[in-house]
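Remember, the working numbering sits 9 above the position in the sequence shown when you count from 1. In this text, a Cβ means the ideal position worked out from N, Cα and C, and glycines have one as well.
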Amino acid sequence: MSKLIKYFRWYDYLLITLTIILTFLRVGFDLTLPDLMADIVSVVIENGSRSEIFSIGLEMLLYTVLAVISVFFISFLSSKVAARFANILRRKMYEKVQSFSAEEMNDFSVASLITRTTNDIQQVQNLVVSSLRMALRAPILAVGAIIKIWGRSSSLTLVTGISIFLIVVVITFIFIKVGPKFKIVQENIDDLNLVTRENLTGLREVRAHNAEEYQKEKFERVNEKLTNTNIYVNRILMMMHPFMNLILSGTSLAIVWVGAYLISQNSINLPTMMAFSQYAVQTVMGFMMLTITLMMFPRSFVSARRVSEVLQTKAKINSPLEPVTKTGETGTIEFKDVSFRHKDAEEYILKNINLKINKGETIGFIGSTGSGKSTLINLILRFYDVSEGTLFINGQNIKDYPLEQLHDLVGYIPQRAILFSGTIASNLRLGKKDASEEEMLQALKTADMDKFIKRQEDGLQYKVSRAGQNFSGGQKQRLSIARGIIKQREFFVFDDTFSALDNKTDSRVRKNLIKHIKGATTLIVSQRVGTIMNSDKIVVLDKGEIVGFGTHRELLKENKIYQEIASSQLSKENL
Ligand SMILES: Nc1ncnc2c1ncn2[C@@H]1O[C@H](COP(=O)(O)OP(=O)(O)OP(=O)(O)O)[C@@H](O)[C@H]1O
Ligand SMILES: [Mg+2]
């Protein structure tokens, strides 16, 4: 929690100070009442006048009203501070997660990040509210009430002390039992989120495989686990309530009992005993609240730690502190003894890659599925960092580029086309913020999507629903291509982007591309020989190694793996 406190702003501290002042006032009002009541009793015993009783009663009413007003403002201020704090945390969390690379995303998992941004921050918000409402009031009340009873009667003070001791013991016992479970509850929620998410995104697959039962069992398992932990925690917490009541009532009773004896001995009088009984209850209540809030803290601390874990995580891949100025070279990429393996994995996905790509070249990458093509492309965008060796862009170590500048250099069209809800125009603008209508139409034309747009009444404002569900696979890919090429860049990277297009559309789009991105260095990954055979050079990847490099003709002649791929795909005359 201490690590989160820095996210409070000065304005919040102002509101918190105000809350503290109001809390003092409120406790002050509360603690005046028993004495006034004792006064009324004295007046009655001494046969005082009605108007005397009335004026004291009025005074009591005044203090009660003032206490209620303070409570109102305390509630209002604490809610406001807590809600603002949660807002800041959510924003910081969002910004942080944006900076995460694949590695950090894997470490936390999407499901857990969602729980942390929603449920855990909610717990922290609750913590702030209960701190300002209860935890603040508890010690003030306890101390205030003790001052009030101090020196009035040692026997009655002893009774109160015993009650306080009982309260502290009982609550401590309860929380020792449930404390460790709080962390488990949050982890169970993570699991539930994971299964729910997977199930909802894969609903069609589940149906198609008649796997509803299987998925349901999986869901029931995590649901059951969460329920059981919750029941356990709540059962024990619920026991707290009757115990508290028992002790509070017991305290009153014991004070009346002992008090009656003391009165008969003439060591105190009735009004004192009555006032004492009320102050004693306030004291015990103060300690009760104090213990409860102290014990509730660990629960919220679990959540606070989960939030701060995310906020403290430094994204491994980030911009260098001292970016190097340009080398003057443009359009070149060089892999020098590059190897790559995933964190904690033994096996290398890429081994000893040495490759130099010159300005303006078009390089094709081919290889069986899982041979490491996408991984190699990911290195160029620095989604991952090389494990060994160096990757140079424009003659400069890729790690020396500010990330933003690097991503600006490269137009990237991923293997899996992902669209965002909005319109076609809003999706294209992700590629270029200030793209004009003309530029958008041009990009769509290159990607062979212009005819589709022209058929639509809304044109560029045609709606894209969540994840682009209202488009076919090939349409999504072509929109993704249009988005990737709308801005002129030094490099373009197509990761198997043409796989969902039929051969004719594929070749039409590529022909358009040659005109559109003229002069840029272009990397095209594909499983289809036809897509890359006209490239200047072709890289053949196999199990993470470069096993061939040359033109289509050269590779056909001398590369066995390329020959195998080609002969399975091309007709005789093309070979
Ligand atoms: N996050 C990951 N953690 C561990 N291994 C991974 C991870 N992502 C991919 N791999 C492994 O890396 C290898 C290469 O994957 P990559 O996606 O680069 O293949 P690819 O050549 O692009 O295949 P495809 O043609 O099917 O797209 C695969 O064997 C895969 O199992
Ligand atoms: Mg791939």
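- [ ] Can you grab the Cα-Cα spacing for the pair V538 / L235, in whole Å?
- [x] Locating residue 538 in the sequence shown gives position 529, counting from the first residue. Locating residue 235 in the sequence shown gives position 226, counting from the first residue. Whole-angstrom Cα-Cα distance: 52 Å.
Task: Limits of the beta strand (DSSP E) - the one that L390 falls within - done: Counting from one through the sequence shown, the residue named residue 390 turns up at place 381. Taken as a continuous stretch (DSSP letters only), L390 belongs to no beta strand (DSSP E), as it is neither H nor E.
Open item on the list: Could you check whether the Cβ of K382 sits closer than 8 Å to any heavy atom belonging to ligand 2?
Closed with: Here residue 382 refers to the residue found at position 373 when the sequence shown is read from its first residue. Yes, ligand 2 has a heavy atom inside 8 Å of this Cβ.
Task: Integer-rounded CB distance, given that Y393 should sit under 8 Å from A9 - done: The question about residue 9 has no answer, for the chain in this structure spans 10 to 584.
Open item on the list: Cutting at 6 Å between CB atoms, please list the residues of its own chain near D4, excluding the five before and the five after it.
Closed with: Because the chain is modelled from 10 through 584, residue 4 falls outside the range shown and cannot be assessed.
- [ ] Could you work out which residue in N479, M283 and S87 is closest to I30 when comparing CA atoms only?
- [x] If you number the sequence shown from 1, residue 30 lands on position 21. Among N479, M283 and S87, the Cα nearest to that of I30 is on S87.
Task: Short Cβ contact (9 Å threshold) for L299 with A76 - done: By 1-based counting over the sequence shown, the position of residue 299 is 290. By 1-based counting over the sequence shown, the position of residue 76 is 67. Contact flag unset, no.
Open item on the list: Using only CA atoms, which one of V395, F228 and R308 lies nearest to I185?
Closed with: Numbered from its first residue, the sequence shown carries residue 185 at position 176. If we check each option's Cα against that of I185, R308 comes out closest.
TODO: Rank T205, I407 and G553 by C-alpha distance to the C-alpha of V333 and give the top, closest one.
DONE: As a first step, residue 333 must be located in the sequence shown, where it is residue number 324. Per the Cα distances, I407.
Open item on the list: Comparing C-alpha positions only, which one of S286, Q470, L145 and E233 sits nearest to V36?
Closed with: The count along the sequence shown starts at 1 and reaches residue 36 at position 27. Among S286, Q470, L145 and E233, the Cα nearest to that of V36 belongs to L145.
Open item on the list: Using CA atoms only, rank isn't needed, just tell me which of D545, S577, S580 and E447 is closest to E563.
Closed with: Taking the sequence shown and counting its residues from 1, the one referred to as residue 563 is at position 554. For the residues D545, S577, S580 and E447, the minimum Cα distance to E563 belongs to D545.
TODO: Decide if E222 is buried, meaning its Cβ has at least 16 other Cβ atoms within 10 Å, or exposed.
DONE: To locate residue 222, count along the sequence shown from 1; it is residue 213. E222 should be labelled exposed.
- [ ] Using alpha carbons as the reference points, say which of T73, V53, F461 and Y471 lies closest to S435.
- [x] Residue mapping note: residue 435 aligns to position 426 of the sequence shown, counting from 1. Nearest of T73, V53, F461 and Y471 to S435, Cα basis: Y471.
Task: For T281, the nearest candidate out of Q424, A575 and P43 (CA to CA) - done: If you number the sequence shown from 1, residue 281 lands on position 272. Minimum Cα distance to T281 is reached at P43.
Task: Counted within 10 angstroms of its Cβ, other Cβ atoms place G262 as buried (16 or more) or exposed - done: By one-based count along the sequence shown, residue 262 stands at place 253. Here residue 262 turns out to be Leu, not Gly, going by the sequence shown. With fewer than 16 Cβ atoms within 10 Å of its Cβ, L262 is classed as exposed.
Task: Selected residue, minimal CA-CA separation from R487, among F500, F81 and L522 - done: Position 478 of the sequence shown, counted from the start, is the residue given in the question as residue 487. Out of F500, F81 and L522, L522 has the C-alpha closest to the C-alpha of R487.
Open item on the list: For R391, which residues in the same chain have their Cβ closer than 7 Å to its Cβ, ignoring the five residues on either side in sequence?
Closed with: Taking the first residue of the sequence shown as position 1, residue 391 is located at position 382. Closer than 7 Å at Cβ, skipping near neighbours: I326, I407, L412 and L415.
Task: Neighbourhood of L604 by C-beta distance below 8 Å, restricted to the same chain and skipping five residues each side - done: The structure shown has nothing for residue 604, since the chain only spans 10 to 584.
Task: CA-to-CA distance, T432 to V469, given in whole angstroms - done: Sequence index remark: in the sequence shown, residue 469 carries index 460 (1-based). Sequence index remark: in the sequence shown, residue 432 carries index 423 (1-based). Note that residue 469 corresponds to Leu in the displayed sequence, not to Val. Approximately 7 Å, taken between the alpha carbons.
Task: V204 (DSSP reduced to helix, strand or coil) - done: As a first step, residue 204 is located in the sequence shown; it is residue number 195 there, counting from the start. Looking at V204 - three-state DSSP - the assignment turns out to be helix.
- [ ] Leaving aside the five residues before and after A47 along the sequence, list all residues of the same chain whose C-beta is less than 7 Å from its C-beta, in chain order.
- [x] The count along the sequence shown starts at 1 and reaches residue 47 at position 38. Closer than 7 Å at Cβ, skipping near neighbours: P280, T281, M283 and A284.
Task: Cα-Cα separation between L572 and I541, rounded to whole angstroms - done: Indexing the sequence shown from 1 puts residue 572 at position 563. Indexing the sequence shown from 1 puts residue 541 at position 532. Just to set this straight, residue 572 is Gln in the shown sequence, not Leu. Roughly 14 Å between the two C-alpha positions.
Task: As assigned by DSSP and simplified to three states, the class of T540 - done: The residue you call residue 540 lines up with position 531 of the sequence shown. T540 falls in the helix class under three-state DSSP.
Task: Residue span of the alpha helix (DSSP H) that contains T531, given as start and end - done: By 1-based counting over the sequence shown, the position of residue 531 is 522. Here T531 belongs to no alpha helix (DSSP H); instead the beta strand (DSSP E) covers T530 to V534.
Open item on the list: Let me confirm a value: K157 is counted as buried when at least 16 other C-beta atoms fall within 10 Å, else exposed. Which label applies?
Closed with: On the sequence shown, position 148 is the one that residue 157 refers to. It is buried - the Cβ of K157 has at least 16 other Cβ atoms within 10 Å.
TODO: Keeping to the same chain, check which residues put their C-beta closer than 6 Å to that of F191; ignore five residues upstream and five downstream.
DONE: Working through the sequence shown from its first residue, we reach residue 191 at position 182. Closer than 6 Å at Cβ, skipping near neighbours: R308 and V311.
Open item on the list: Taking 7 Å as the limit between beta carbons, can you name the residues of its chain near L27, skipping five residues before and five after?
Closed with: For the purposes of this step, residue 27 is taken as residue 18 along the sequence shown, with counting starting at 1. Within the same chain, L27 has close Cβ partners L86.
TODO: Consider the C-beta atom of L550 and the heavy atoms of ligand 1; say whether any pair is separated by less than 8 Å.
DONE: As a first step, residue 550 is located in the sequence shown; it is residue number 541 there, counting from the start. Result yes, Cβ under 8 Å from ligand 1.
TODO: Could you check how far apart the C-beta atoms of A452 and R498 are, in whole angstroms? I think they sit under 8 Å.
DONE: Translated into positions along the sequence shown, residue 452 becomes position 443. Translated into positions along the sequence shown, residue 498 becomes position 489. The Cβ separation is near 13 Å, so there is no contact.
- [ ] Give every residue of the same chain whose Cβ lies closer than 8 Å to the Cβ of I389, excluding the five residues on either side of it in the sequence, and list them in chain order.
- [x] Within the sequence shown, the letter at position 380 stands for residue 389. For I389, where only same-chain residues beyond five positions count, the Cβ hits under 8 Å are I342, L400, I402, I407, V419, F500, V502 and L532.
TODO: Please check if any C-beta of chain D sits within less than 9 Å of the C-beta of N275.
DONE: Here chain D cannot be found, since the structure has a single protein chain.
- [ ] Please work out which residues of its chain come closer than 7 Å, Cβ to Cβ, to A147, disregarding the five sequence neighbours upstream and downstream, and give them in chain order.
- [x] Locating residue 147 in the sequence shown gives position 138, where the first residue counts as 1. Taken in chain order, the residues that qualify are G295, M298, L299 and T302.
Task: Classification of T210 by the beta-carbon crowding that lies within 10 angstroms, buried from 16 upward - done: On the sequence shown, position 201 is the one that residue 210 refers to. So T210 counts as exposed.
Open item on the list: Just to check my reading of the structure: I366 and I372 have Cβ atoms closer than 8 Å, yes? What is that Cβ distance to the nearest angstrom?
Closed with: By 1-based counting over the sequence shown, the position of residue 366 is 357. By 1-based counting over the sequence shown, the position of residue 372 is 363. Yes, I366 and I372 are in contact; Cβ-Cβ is about 5 Å, under 8 Å.
Task: Three or more C-beta pairs below 8 Å linking the stretch 265 to 278 and the stretch 156 to 171 - done: Taking 8 Å as the limit for Cβ pairs, the verdict is that the stretch 156 to 171 does touch the stretch 265 to 278.
Task: Nearest residue (CA-CA) to R519, options D457, V473, N479 and K463 - done: Locating residue 519 in the sequence shown gives position 510, counting from the first residue. The shortest Cα separation from R519 among D457, V473, N479 and K463 belongs to D457.
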